Amino acid sequence: MALMVVKFDLKKRVKLAQTVWFMYWFAVLAGILVLSLGLFFKIELRKRSELMDNNESHFLPNLLILMGLIACGINAFGGKVCYDSLDPVKFAKWKPMLKYFLVFCVCFNGLLLLTSLLCFLMRIPLQFTLAEGIKNGMRYYKDTDTPGRCYMKRTLDLMQMEFRCCGNDNFRDWFEIQWVSNRYLDFSAKEVKDRIGSNVDGQYLMDGVPFSCCNPSSPRPCIQYQMTNNSAHYSYDHYTEELNVWKKGCRDALLSYYGGIMNTIGALVVLVTMLEVAVTVGLQYVNSSLSTLANPEEVESESEGYLLEKTVKETFTDIMAKMKAMGKGGKVEEGGEEAVATVS
Amino acid sequence: MVLLKMKFNQQRRVRLAQGLWLLSWLAVMCGAFIFCLGVYLKTELLRRNEVMENTEIHVVPNILMLVGLASIGTNWVATRVCQDSLDASRFPRWKVLLLAWFVVAALLCCLLLAVVVLSYVLQGRLEESLKVGLRNGIRFYKDTDVPGRCFQKETIDRLQMEFRCCGNNNFKDWFEVQWVSGRFLDYTAQEVKDRIRSNVDGRYLLDGVPFSCCNPASPRPCLQYHLTDNRAHFNYDYLSEDLNLYSRGCRQALTDYYMGLMNSTGPGVLSVILIQISVILSLRYLQTAVEGAMALENPEGDSEGYILEKGVKETFEEVKVKVLTMIKLAQVDPEGVPDEAEAEKAADTAAEKAASPTPAS
Numbered sequence: 010m011a012l013m014v015v016k017f018d019l020k021k022r023v024k025l026a027q028t029v030w031f032m033y034w035f036a037v038l039a040g041i042l043v044l045s046l047g048l049f050f051k052i053e054l055r056k057r058s059e060l061m062d063n064n065e066s067h068f069l070p071n072l073l074i075l076m077g078l079i080a081c082g083i084n085a086f087g088g089k090v091c092y093d094s095l096d097p098v099k100f101a102k103w104k105p106m107l108k109y110f111l112v113f114c115v116c117f118n119g120l121l122l123l124t125s126l127l128c129f130l131m132r133i134p135l136q137f138t139l140a141e142g143i144k145n146g147m148r149y150y151k152d153t154d155t156p157g158r159c160y161m162k163r164t165l166d167l168m169q170m171e172f173r174c175c176g177n178d179n180f181r182d183w184f185e186i187q188w189v190s191n192r193y194l195d196f197s198a199k200e201v202k203d204r205i206g207s208n209v210d211g212q213y214l215m216d217g218v219p220f221s222c223c224n225p226s227s228p229r230p231c232i233q234y235q236m237t238n239n240s241a242h243y244s245y246d247h248y249t250e251e252l253n254v255w256k257k258g259c260r261d262a263l264l265s266y267y268g269g270i271m272n273t274i275g276a277l278v279v280l281v282t283m284l285e286v287a288v289t290v291g292l293q294y295v296n297s298s299l300s301t302l303a304n305p306e307e308v309e310s311e312s313e314g315y316l317l318e319k320t321v322k323e324t325f326t327d328i329m330a331k332m333k334a335m336g337k338g339g340k341v342e343e344g345g346e347e348a349v350a351t352v353s
Numbered sequence: 002m003v004l005l006k007m008k009f010n011q012q013r014r015v016r017l018a019q020g021l022w023l024l025s026w027l028a029v030m031c032g033a034f035i036f037c038l039g040v041y042l043k044t045e046l047l048r049r050n051e052v053m054e055n056t057e058i059h060v061v062p063n064i065l066m067l068v069g070l071a072s073i074g075t076n077w078v079a080t081r082v083c084q085d086s087l088d089a090s091r092f093p094r095w096k097v098l099l100l101a102w103f104v105v106a107a108l109l110c111c112l113l114l115a116v117v118v119l120s121y122v123l124q125g126r127l128e129e130s131l132k133v134g135l136r137n138g139i140r141f142y143k144d145t146d147v148p149g150r151c152f153q154k155e156t157i158d159r160l161q162m163e164f165r166c167c168g169n170n171n172f173k174d175w176f177e178v179q180w181v182s183g184r185f186l187d188y189t190a191q192e193v194k195d196r197i198r199s200n201v202d203g204r205y206l207l208d209g210v211p212f213s214c215c216n217p218a219s220p221r222p223c224l225q226y227h228l229t230d231n232r233a234h235f236n237y238d239y240l241s242e243d244l245n246l247y248s249r250g251c252r253q254a255l256t257d258y259y260m261g262l263m264n265s266t267g268p269g270v271l272s273v274i275l276i277q278i279s280v281i282l283s284l285r286y287l288q289t290a291v292e293g294a295m296a297l298e299n300p301e302g303d304s305e306g307y308i309l310e311k312g313v314k315e316t317f318e319e320v321k322v323k324v325l326t327m328i329k330l331a332q333v334d335p336e337g338v339p340d341e342a343e344a345e346k347a348a349d350t351a352a353e354k355a356a357s358p359t360p361a362s
């Protein structure tokens, strides 16, 4: 007993083929959309790869690009098959491979769903990559004379200004590293000698942040240096000062930015998956309605279209039996196994 | 003598109508494009409204939006005329409208040309407006507690960071203004008292700039204060340091930005003018060819299409005579027609005829 049988006369078949052809063109556009989303994400990751230690995984955007290309290909092919389905002569040449094509489509749809799931899950490894990358970036902030790192200062400054963030977790991260290059420190001055002597590594640490941490919404000119010293500035209390520098950490800011992109891409890929499932079901109905024609030359007759030739349970048992038979292909067959394989 | 005569048989008339229908829809899209361009330009100008003193430059996007909307309507009418042109029963009702259509379409072309010219001419006024606006913004930078001015600091800071500029002409503009609010000055400190006494107005002036002037491309951490004092910073020479702050003034930066925007829209506007002119010419040919065919005994026969029935000079004289008669009818006194009104009307119609160029002549 077939699954979800629908009766088709000629008019209904024509209408079905036309609708499915139309939907296939939308699906091609959807494939292009997935491709461009993958490209966009790849470019966004590349733009800030310095902040991720050049270590970020391009697996997801590459997968999206591949899926987009395959989707375009199979949707264009499916559209052509639908277009030819109205002409029995043309359709006859596609008939043999249609079954395998449909199985391939079903597998592809499963992969597409998996991709959308990955989009939501990739946030977690990204978090660790970002934390490492920003920490190292901050360490190399002062190395504007070291080849390979000379642009780190500009990259970090521009990032802090654009994403309105400061430091890794918060602005205090800048207190723990030396971000002023030795070229600009007067080692004969007492203040410099004190600070260098105050810690084990001999680093010039200070309670100050770079200018890119400053918040333009603050009512007073930005206080960058001696931030924890209330007496250094008039009418200043560093515990209650909220608007002076950005409060958010850059790891959180970048994570929410990329997280937003990935969530949007994931949602769009789910929608594309639904469209793909719809066109696959449509093509299955077109195929089954044309193959159950009693007399292929008599186009006007009625036929039935179905989703699965047998019920779900029977189809599943069939597949399992086929796989078992394939597995035992080389051995001498017993009579019992043959009987199981031919149950219908 | 007819101007630019062309023979049209039935098939050519049909082809012309179909081609013109497509061209008119293209012109409708172009009208929509012009409108969107105007909206975009206006939005960009409004975003920086606070640093501009007057809104004279807004005439450019306003005209663009107006012309865009009018062009959509006009060209849509042209598509309707094309659809009806091959139907002898429906075409006559458009006859009356067509002269007005030509006038309106020519006017739109003139307005678009005017926009291109204006966008160059108004550059000076834009600079003046920015100069005054920025000067005020810098003066009111410290007034973050005065209602109406409390956002000047944020506006100027964001402007300097986004356009990578500092001050009005350059960063020294900040030396002449007190940009630190009195609320954050310790008036008992000796340094503050010295600075306030050092100038006539009693302002706290310093050789320092706000943080938004800092250039991220500088190899050393930003130096904002004591800029003219070489001894205040290690390994620092005020005269040779060029990467520390942005060297460009904000007036120059903003003018360049807006001029760049308007220049890049120039080619688009010029091509829209060309498309509109070709629609006008094609519609004129269609009108004359179809009218000629309807006057024949056999409507499917050959007819002639032309741009002007008589030569340019003769048409001009005819129009002038018509206009004079109209003015005379309106007046009780047959003599003494006001010269200005006559010349103006003649000039208008001459402009309409001149707007359709004659490439072959």
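Chains as they are written, first to last, in the numbering used here: chain A, 10 to 353; chain B, 2 to 362.
The beta-carbon is built from N, C-alpha and C at its ideal position, and this holds for glycine as well.
Everything numeric in this text was worked out from a predicted model, so none of it was measured.
Run of the beta strand (DSSP E) containing residue i, from where it starts to where it stops
i               : result
V209 of chain A : Element bounds for V209 of chain A: n/a, residue is neither H nor E.
V15 of chain A  : 15 to 17
G306 of chain B : 304 to 306
G209 of chain B : Per DSSP, G209 of chain B belongs to no beta strand (DSSP E) and is neither H nor E.
Cβ pair residue i, residue j closer than 9 Å
i               : j               : result
C166 of chain B : L255 of chain B : yes
L108 of chain B : V61 of chain B  : no
V90 of chain A  : L78 of chain A  : no
G82 of chain A  : V288 of chain A : no
H234 of chain B : Y193 of chain A : yes
P217 of chain B : R148 of chain A : no
C83 of chain B  : Q153 of chain B : no
K6 of chain B   : G269 of chain B : no
I276 of chain B : T289 of chain B : no
Y226 of chain B : G250 of chain B : no
K132 of chain B : R49 of chain B  : no
Alpha-carbon spacing of residue i relative to residue j, whole angstroms
i               : j               : result
F185 of chain B : Y245 of chain A : 9 Å
G302 of chain B : P93 of chain B  : 18 Å
G336 of chain A : G40 of chain A  : 36 Å
G337 of chain B : E318 of chain B : Residue placement at G337 of chain B is poorly supported in this model, since its pLDDT is 49, which falls under 50; the coordinates still yield a value, given next. Approximately 19 Å between the Cα atoms of the pair.
A11 of chain A  : F50 of chain A  : 44 Å
G268 of chain A : E285 of chain A : 25 Å
Under the three-state DSSP convention, the category residue i falls into
i               : result
F235 of chain B : coil
F176 of chain B : helix
F86 of chain A  : helix
M7 of chain B   : strand
P339 of chain B : Summary for P339 of chain B: the model assigns pLDDT 49, below 50, so the residue's position carries little reliability; its value from the coordinates is reported in the next sentence. The answer is coil: DSSP assigns P339 of chain B none of H, G, I, E or B.
V112 of chain A : helix
V189 of chain A : coil
S357 of chain B : Any reading at S357 of chain B must be qualified, since the residue scores a pLDDT of 47, below 50, and its modelled position is unreliable; the value itself is stated next. Coil, per DSSP.
C128 of chain A : helix
C174 of chain A : coil
Q114 of chain B : Gln is not the amino acid found at residue 114 of chain B; the sequence shown has Leu there. L114 of chain B: helix per DSSP, three-state reduction.
C151 of chain B : coil
L252 of chain A : coil
C231 of chain A : coil
C159 of chain A : coil
L246 of chain B : strand
D349 of chain B : Because D349 of chain B carries a pLDDT of 49, less than 50, the predicted location of this residue cannot be relied on, and the following value inherits that uncertainty. Reduced to three states, the DSSP call for D349 of chain B is helix.
Contact with chain E by residue i, beta-carbon distance below 9 Å
i               : result
L194 of chain A : No chain E is part of this structure, whose protein chains are labelled A and B.
N-terminal and C-terminal residue of the alpha helix (DSSP H) that residue i is part of
i               : result
F141 of chain B : Unbroken run through F141 of chain B: none, as it is neither H nor E.
K319 of chain A : Neither: K319 of chain A is in no alpha helix (DSSP H) and is coded neither H nor E.
S283 of chain B : 251 to 296
E313 of chain A : Taken as a continuous stretch (DSSP letters only), E313 of chain A belongs to no alpha helix (DSSP H), being part of the beta strand (DSSP E) at 312 to 314.
C223 of chain B : Careful: C223 of chain B lies outside any alpha helix (DSSP H) and carries neither H nor E.
K329 of chain B : 313 to 331
W77 of chain B  : 60 to 86
N272 of chain A : 259 to 300
E301 of chain B : Segment: none, E301 of chain B is in no alpha helix (DSSP H) and carries neither H nor E.
Checklist entry - Counting pairs of beta carbons, one from the region 89 to 106 of chain B and one from the region 64 to 78 of chain B, are three or more of them closer than 8 Å? => result Result yes; three or more Cβ-Cβ pairs closer than 8 Å.
Next on the checklist: Could you check whether the region 113 to 129 of chain A touches the region 66 to 76 of chain A, counting it as contact only if at least three pairs of C-beta atoms, one from each stretch, sit closer than 8 Å?
Outcome noted: The answer is yes - the region 66 to 76 of chain A touches the region 113 to 129 of chain A, with three or more Cβ pairs under 8 Å.
Checklist entry - Is it true that the region 309 to 321 of chain A meets the region 62 to 69 of chain A, where meeting means three or more beta-carbon pairs spaced less than 8 Å apart? => result Because the criterion of three Cβ pairs below 8 Å is not met, the region 309 to 321 of chain A and the region 62 to 69 of chain A do not touch.
Next on the checklist: If contact is defined by three or more beta carbon pairs under 8 Å, each pair taking one atom from either stretch, is the region 8 to 27 of chain B in contact with the region 312 to 326 of chain B?
Outcome noted: At 8 Å Cβ cutoff, the stretches do not touch.
Next on the checklist: Three Cβ pairs or more, each shorter than 8 Å: is that satisfied between the region 176 to 193 of chain A and the region 130 to 147 of chain B?
Outcome noted: Touching, no.
Next on the checklist: Closer than 8 Å is the cut-off here; do at least three beta carbon pairs connect the region 315 to 324 of chain A with the region 45 to 65 of chain A?
Outcome noted: With fewer than three CB-CB distances shorter than 8 Å, the region 315 to 324 of chain A does not count as touching the region 45 to 65 of chain A.
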